[in-house]
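Chains R and D supply the protein sequences, listed in that same order.
In case it helps, my numbering puts the first sequence at residues 60 to 412.
In case it helps, my numbering puts the second sequence at residues 303 to 803.
I have placed the structure first, in the form of structure tokens, so that the comments after it can refer back to it.
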Amino acid sequence: MPRLKTQVNRSSHLFLPLSVLAILIIINLIKGADYFKITIVNGAFYGNIPNILFGASELVILSIGMTLVTAASRGQDISIGESGAISSAIFVQYVLRSGNVTLGTILVGFLISCVAGMIIGAFNGTLVSFFNVQPMVATLILFLGGRSIAFIIDGKVSPILANEISNRIGTVIPGVPIHTPIILTAVFIAVVAVVLKTTNLRLYVEAVGINPNAARLNGINPKKVIFLTFLIMGICAAVAGFIAVNKAGRHDSVNLLKFIMMDAILAVALGGNSLAGGKFSITGSVIGAYTIEVLNRTLLRLEVNPEAIKVFKAVFIIVLMIIAAPEVRVFAKRVLDKVKRPSRTTPYARQVD
Amino acid sequence: MQSEIILKMEGICKSFPGVRALHNVDFTLRKGEIHALMGENGAGKSTLIKILTGVYQRDAGKIDLEGRPVHPRSPQDAQNMGIGTVFQEIALCPNLTVAENIFIGRSRDNFVHWKKMNAKAAEILDSLGIPASPTQELASCSIAVQQMIAIARAVDMDCKILILDEPTSSLDEDEVQKLFALMRQLKDRGVGIIFITHFIDQVYEISDRITVLRNGELIGEYETSALPQIELISKMMGKALSDVSAMKKQELRKSDDSVPVFEAVNLSSAAGVKPFDFTIHKGEVNGFAGLLGSGRSESVRAIFAADKVTSGEVKVNGKRVKIKSPLNAMKQGIGYLPEDRKGDGIIDELSVRDNLILALQVMKGFFRPLSRKQAEEFAEEFIEKLDIKTPSTSTPIKSLSGGNQQKVVLARWLLTHPNYLILDEPTRGIDVGTKVEIQKLVLALAEAGMSLTFISSEIDEMLRVCSRLIVMKDREIVGELSGLNLSEQDVMHMIAQGGQS
Chain R
60 MPRLKTQVNR
70 SSHLFLPLSV
80 LAILIIINLI
90 KGADYFKITI
100 VNGAFYGNIP
110 NILFGASELV
120 ILSIGMTLVT
130 AASRGQDISI
140 GESGAISSAI
150 FVQYVLRSGN
160 VTLGTILVGF
170 LISCVAGMII
180 GAFNGTLVSF
190 FNVQPMVATL
200 ILFLGGRSIA
210 FIIDGKVSPI
220 LANEISNRIG
230 TVIPGVPIHT
240 PIILTAVFIA
250 VVAVVLKTTN
260 LRLYVEAVGI
270 NPNAARLNGI
280 NPKKVIFLTF
290 LIMGICAAVA
300 GFIAVNKAGR
310 HDSVNLLKFI
320 MMDAILAVAL
330 GGNSLAGGKF
340 SITGSVIGAY
350 TIEVLNRTLL
360 RLEVNPEAIK
370 VFKAVFIIVL
380 MIIAAPEVRV
390 FAKRVLDKVK
400 RPSRTTPYAR
410 QVD
Chain D
303 MQSEIILKME
313 GICKSFPGVR
323 ALHNVDFTLR
333 KGEIHALMGE
343 NGAGKSTLIK
353 ILTGVYQRDA
363 GKIDLEGRPV
373 HPRSPQDAQN
383 MGIGTVFQEI
393 ALCPNLTVAE
403 NIFIGRSRDN
413 FVHWKKMNAK
423 AAEILDSLGI
433 PASPTQELAS
443 CSIAVQQMIA
453 IARAVDMDCK
463 ILILDEPTSS
473 LDEDEVQKLF
483 ALMRQLKDRG
493 VGIIFITHFI
503 DQVYEISDRI
513 TVLRNGELIG
523 EYETSALPQI
533 ELISKMMGKA
543 LSDVSAMKKQ
553 ELRKSDDSVP
563 VFEAVNLSSA
573 AGVKPFDFTI
583 HKGEVNGFAG
593 LLGSGRSESV
603 RAIFAADKVT
613 SGEVKVNGKR
623 VKIKSPLNAM
633 KQGIGYLPED
643 RKGDGIIDEL
653 SVRDNLILAL
663 QVMKGFFRPL
673 SRKQAEEFAE
683 EFIEKLDIKT
693 PSTSTPIKSL
703 SGGNQQKVVL
713 ARWLLTHPNY
723 LILDEPTRGI
733 DVGTKVEIQK
743 LVLALAEAGM
753 SLTFISSEID
763 EMLRVCSRLI
773 VMKDREIVGE
783 LSGLNLSEQD
793 VMHMIAQGGQ
803 S
């Protein structure tokens, strides 16, 4: 009996995102059987699946950072879109001021924006871990002020990022069939997987998120761990900002990654993670992020009025979450059991026991 | 002195699944008396109070309040009958004013008459001599004053009986005196006060009568002036002074002159233990004895730097070292199994394996994780060695029984091969079989050269395991006992006499 229980537990954290994803795909297949169709245009893949992978790049990367922050600090960072806007503004300024754009320029610019992201992360992390400010309140500061900072860095409205390399990073490299943002996201996920494999990040973050007192008495410094997750969040925001700005070809400080923290938090929740911290599943969050992108595109495919799309999205998410909720699952299981073995509940059977 | 009885509890019984919390307990409270309710952890004090205040329903017995049988069904119900309670943790709202806190939740009107409320509050505060203004924010008052305001709130609700559950544990000497003055004043008004505390001296200072409980049974009711401290302690611990001779004598371990494994001078921490000196030699098992709240845990926590160390010098193997954090202590070969298993020991959602390797993993460092295979091997090894009953190494530790959880935490420290291991109440709340296993293990580890500090609330357990006892009272070391003649009697004498001179 206990063995059965652990099996259920182990698979259950992916049950939520996968079942939601499955429901969405079924809806799409009902709408049109050609959902999975992929075509090749100019040597690159196009179709629903490549579009989803392409569109979800930034969200996937941000949801990984959000997962770690949530797990360790038991709260969420709501300034991720803004930190992405700031770090990418710095990237754009570096590239625009360096004259001749080479791959080296882009790379250096990217690294500088990562440092900027880490500084932002350090700022948020300091407030949360060393000054005990609630994560949402601490990150509210940059959520409110971040876009103004990005605009000041820009110096004017929407500087254009017009060069061949940026274009390739944002779309496709000739000869490579997969869009570059998809590849960059895959690389990022791989790096995260390696970090989780070669460090104790998971153990430390989970220990701190579940029981900071016990973690401290075992030599872990909870403050440092929480600080570290915000630092990683900063890098995630910088990478997401880098991809977003290269996709757009210009730096729109007002709209770049706007309100993406809502989707990132949702991705974490949809991934079966507790928003109150503790054990986490990055796989779940990544699937959750892609699921949100699928949902966005499903609503477009269903030709929902763009004005009303947010309402539909909200209703959809509520319905999906309820369907996949553990309470509903338990209830469904009980109903199923009753149908299968009605004799178990009769008083006679109990007496025999 | 008045002796009119206001509360009579008779034959109170209460059982929880598998535990008999109270059996046939009587309790009598007279008008205008301060009555101390004494007993060690698990004696049934809080169960009795919870039955009186309607948190639990009694299984049997009766409660008479001023001669009328009553049956409090909820704390609110008890409150309406005139039974007020002030808990150790102040259950007030720090962000509201003093007056609001006194009257919150009691008005039947939908509107608040601020002026009237503040005036009334001022009157109450004045009559009780509480140094606070009604419009002051509660958070700006000292803890003692907050405690007094909680009392004022209870008293103003026309209470005949006031229950004070550990009201003094977070107060300093001065504040305690202020609180006592208030208690005496209430006593003069005819309020019956039930006083629960772990501080023996305070009991003798303020109380008129003492009721002692042990293991859910009534030991007796005594006039405070007629019960010497030593007898009170022996009644609480459950060993009459005479039958101590039956105790098995512990063989004296050689008290060597070698360099101590650990040595502390003038150590103190922010948790409020008075500066103390401490040494332990190789292969020695010593212990901190004393009643609950005497500072046993605080002392070992200071050694491990679990609380912020505020003073002192520490030597490990004769070399001066700085231990400022648990990690420093671990790197010096010190392990610490905390008293509060659930709050400080286990990481409940993590697997048995992760819990077991945690300390070793942290010592190895962030960038050097154990491989899954290694971790699995360590877990398997200790599950077998300590006979930990778990379905698998991946089972979350929270689904194990208390004793098995404790064994996992113990294994966690054994895995780090400490030179000095501190065990704070390792046997609390676990079954008898596991208790004995842990005691045997402690002796075997010492035999193998490890130094250990062992703390237990059960004095006979400590006598069986430790060769030297450091006796504490009121957060201070009052003496040390060692050798063949170590007996329960000695310990109790020392606790009773210590600090009096």
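Just so you know, even glycine gets a beta-carbon here, dropped at the ideal spot from N, CA and C.
Treat the numbers as computed from the prediction; the structure is a model and nothing was measured.
Among R655(D), N588(D), Q708(D) and E641(D), the one whose alpha carbon lies nearest that of M752(D): N588(D)
Other residues of its chain near A273(R): CB distance less than 8 Å, five sequence neighbours each side excluded: Non-local C-beta neighbours of A273(R) in its own chain, meaning closer than 8 Å and more than five positions away in sequence, comprise A266, ordered along the chain.
Whether E600(D) touches V623(D) by CB criterion (7 Å): no
Nearest neighbour of V773(D), chosen from V767(D), A750(D), A748(D) and Q799(D) [CA to CA]: Q799(D)
Range of the contiguous beta strand (DSSP E) that encloses L203(R): Premise fails: L203(R) lies in the alpha helix (DSSP H), P194 to D213, not in any beta strand (DSSP E).
Extent of the continuous beta strand (DSSP E) to which R770(D) belongs: R770 to K775
Exposure label - R375(D); buried when at least 16 CB within 10 Å: exposed
V353(R) versus L80(R): straight-line alpha-carbon distance, rounded: 8 Å
Supposed close pair G45(R), S146(R) - CB separation, criterion 8 Å: The requested residue 45(R) is not part of the displayed model; chain R covers only 60 to 412.
Terminal residues of the alpha helix (DSSP H) in which G781(D) lies: G781(D) -> not in any alpha helix (DSSP H); beta strand (DSSP E) instead, spanning E778 to S784.
Interfacial residues, the segment 267–283 of chain R to chain D, with Cβ spacing under 8 Å: Under the 8 Å Cβ criterion, the segment 267–283 of chain R contributes I269, N270, N272, A273, A274, R275, L276, N277, G278, I279 and N280.
Interface residues of the segment 321–352 of chain R facing chain D [CB-CB below 8 Å]: G337 and K338
Whole-angstrom distance between E749(D) and P640(D), CA atom to CA atom: 23 Å
Beta-carbon neighbours of P640(D), restricted to chain R and to distances below 7 Å: L276
Inter-residue Cα distance where the pair is G597(D) and A604(D): 10 Å
Cross-strand partners of L515(D) (DSSP beta bridge): L520(D)
Residues of its chain near I248(R), where Cβ-Cβ distance is below 6 Å and the 5 sequence neighbours each way are ignored: none
Contact with chain R by V664(D), beta-carbon distance below 7 Å: yes
Secondary structure of K621(D), DSSP reduced to three states: strand
Chain D residues whose Cβ lies nearer than 7 Å to that of N259(R): Q663, F668 and P671
Beta carbon of V400(D) nearer than 7 Å to that of I451(D): yes
Assigned exposure category for M321(R) - 16 Cβ within 10 Å defines buried: Under this definition M321(R) is an exposed residue.
Residues in the segment 708–723 of chain D having any Cβ partner in chain R nearer than 7 Å: none
Residues near K413(R) by beta carbon distance below 6 Å, same chain, minus five either side: There is simply no residue 413(R) to check, as chain R begins at 60 and stops at 412 in what is shown.
8 Å CB neighbourhood of D490(D) in its chain, flanking five on each side removed: G334
S789(D) to P728(D) span [Cα, whole Å]: A straight line joining the alpha-carbon of S789(D) with that of P728(D) spans about 21 Å.
Chain R contact residues for P628(D), given Cβ-Cβ distances below 8 Å: R275, L276, N277 and G278
Segment contact flag, the segment 342–351 of chain D with the segment 503–516 of chain D, C-beta cutoff 8 Å, min 3 pairs: yes
Closer than 9 Å at the beta carbon, the chain R residues around G645(D): N270, N272 and A273
Continuous alpha helix (DSSP H) stretch holding H795(D): start and end: E790 to Q799
For V447(D), the nearest candidate out of L427(D), C461(D), I463(D) and L464(D) (CA to CA): When only C-alpha atoms are compared, the closest one is L427(D).
Unbroken alpha helix (DSSP H) run spanning M665(D), endpoints: V654 to K666 is the extent of the alpha helix (DSSP H) around M665(D).
Test item: CB-CB of G168(R) and F182(R) under 7 Å: no
Same chain, Cβ closer than 7 Å to R309(R), five either side skipped, listed in chain order: S217, P218, I219 and L220
R766(D) versus R388(R): straight-line alpha-carbon distance, rounded: 53 Å
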